[in-house]
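Participant: Residue numbers (my numbering): 512 to 574.
Here's a structure for you.
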């Protein structure tokens, strides 16, 4: 497998992990809560990135 193909696989796996985490957060009722401070993640941020785990106050922590 070429480096480009391997990079693609790694990126897809990472995205799938993030999707699984978002689904877990939905089931737990914590989807809209910031992982850092517990405050609500703004709707516009979640619309832009449904996999986001941190509020606007903690953008440096968003992967």
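Glycine included, each C-beta is placed from N, C-alpha and C at the ideal position.
#1: Measure the alpha-carbon distance for residue 548 versus residue 515 and round it to whole angstroms.
#2: In three-state DSSP terms, what is residue 539?
#3: With three or more beta-carbon pairs closer than 8 Å as the criterion, would you say the stretch 543–559 touches the stretch 516–534?
#4: Comparing alpha-carbon positions, which option in 518, 539, 520, 532 lies nearest residue 561?
#5: Note down the Cα distance separating residue 537 from residue 530, rounded to an integer number of angstroms.
Facilitator: Straight from the coordinates:
#1: Position 37 of the chain shown, counting from 1, holds the residue named residue 548. Position 4 of the chain shown, counting from 1, holds the residue named residue 515. Cα to Cα, the separation comes out at about 37 Å.
#2: Translated into positions along the chain shown, residue 539 becomes position 28. Reduced to three states, the DSSP call for residue 539 is helix.
#3: no
#4: Here residue 561 is taken as the residue at index 50 of the chain shown, counted from 1. Among 518, 539, 520, 532, the Cα nearest to that of residue 561 belongs to 532.
#5: Residue mapping note: residue 537 aligns to position 26 of the chain shown, counting from 1. Residue mapping note: residue 530 aligns to position 19 of the chain shown, counting from 1. The straight-line gap from Cα to Cα measures roughly 11 Å.
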